[in-house]
Amino acid sequence: MSHIAEKVVLLTGASKGIGLATAQALRAKSKVVAVSRSLTKELETLLLQHPDSFVHVQGDVSETAKSSVDTAIKKFGRLDAIILNAGLVEPISKIEDADVNQWKKLFDVNFFSVVETIKQAIPHLRKAKGSIVVVSSGAAVRAYPAWTAYSTSKAAVNMLVMSLGSEEKDIMSVAVRPGVVDTPMQDIIRNEQNKPAMGDMHNYFKELKSSGKLVSPHDVAKALTYLALNPSEKVTGQFVEWKSFVE
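So the sequence shown is residues 1 to 247, counted in full-length UniProt numbering.
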């Protein structure tokens with residue numbers, strides 16, 4: 001297995017939140033293919049500061065699976081790990097108000113883009129005996145009012161990772177439970193328009209923010225980075241807590 005400093009990591013959802021924090025954590029330890037729909041100032045700064053070790057693929061993650069993997073191979077000659085972080089939380093609505101087209105859009109990002117990126121990456125990850133790290137959610141195993149689209153997509157991700165663990169013995173595959181993280185996704189959840197559908201849970205998330213109990217994205221990023229760069233067969237196929245993997 002290659003030295004950590006030489007490893008190449010493909011990271012989705014890299015422009016903000018957990019993804020941006022992970023890109024920042026990876027900058028001194030690996031070469032990075034950063035995938036995002038937008039190019040924020042923070043991500044652009046990373047790209048400008050590290051032109052030899054960072055490359056950006058811009059586009060909707062549901063359409064960039066092949067191009068992002070191809071970019072890693074063309075630019076760096078290998079691929080050692082993928083961190084699949086891109087995700088949507090909306091629609092936030094009760095099942096009786098479900099818009100199936102919105103659900104399909106969410107699943108395209110949260111689940112099917114994960115499947116397609118993994119499919120494209122598997123041949124390269126086998127060679128590297130590398131890592132697949134997918135950001136999941138506690139909502140995959142707990143029901144929250146009005147979160148059904150998001151929750152079911154993350155439950156699907158967990159089963160995908162379990163299946164990968166049984167199929168791909170030379171690749172570590174793991175789903176990570178990041179906790180409730182202080183990211184733009186939480187800003188969406190706390191929007192007042194979601195209160196009628198979420199009920200008391202809306203107040204719960206507002207209180208987490210006001211009391212300073214949200215997890216820092218930089219802490220989660222440390223765990224994702226560790227898992228990506230230090231594959232272990234002991235955790236493959238599992239749904240794990242981020243706290244267990246912070247150096």
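Built from N, CA and C at the ideal position, the CB exists for glycine as well. Since the model is a prediction, treat every value here as computed from it, not as a measurement.
Run the CB neighbour count on MET198, radius 10 Å, all protein chains shown included, and call it buried at 16 or more, exposed below.
buried
Would you mind stating whether ALA65 and SER113 have Cβ atoms separated by less than 8 Å?
yes
Roughly how many whole angstroms lie between the Cα atoms of SER153 and GLN102?
13 Å
Please check the pair LEU229 and SER53, which I expect to be a contact at CB under 8 Å, by giving their CB distance rounded to whole angstroms.
Contact doesn't hold; Cβ gap of about 14 Å is too wide.
Compare the Cα-Cα distances from HIS56 to each of LEU84, ARG78, ILE82, THR12 and report the closest residue.
THR12
Going by other Cβ atoms of all chains shown within 10 Å of its Cβ, with 16 needed for buried, is SER232 buried or exposed?
Sixteen is the threshold: since fewer than 16 other Cβ atoms of the shown chains lie within 10 Å of the Cβ of SER232, the residue is exposed.
Buried or exposed by the 16-neighbour rule on C-beta atoms within 10 Å, applied to residue 249
Residue 249 is absent from the structure shown; the chain starts at 1 and stops at 247.
Distance check for ARG78 and LEU106, CA to CA, integer angstroms please.
30 Å
Rounding to the nearest angstrom, what Cα-Cα distance links SER136 and GLY19 in this structure?
13 Å
Please classify LYS7 as buried or exposed, where buried requires at least 16 other C-beta atoms within 10 Å of its C-beta.
By the Cβ neighbour-count rule, LYS7 is buried, with 16 or more other Cβ atoms within 10 Å of its own.
Chain B contact for PHE112 (CB, 8 Å cutoff):
Reference to chain B is not applicable here, since this structure consists of a single protein chain.
To the nearest angstrom, report how far apart residue 287 and LYS127 are at their CA atoms.
Because the chain spans 1 through 247 in this model, residue 287 falls outside it and cannot be assessed.
Span of the beta strand (DSSP E) around ALA109:
Going by the sequence as given, residue 109 is Val instead of Ala. From DSSP, VAL109 is part of no beta strand (DSSP E); its letter is neither H nor E.
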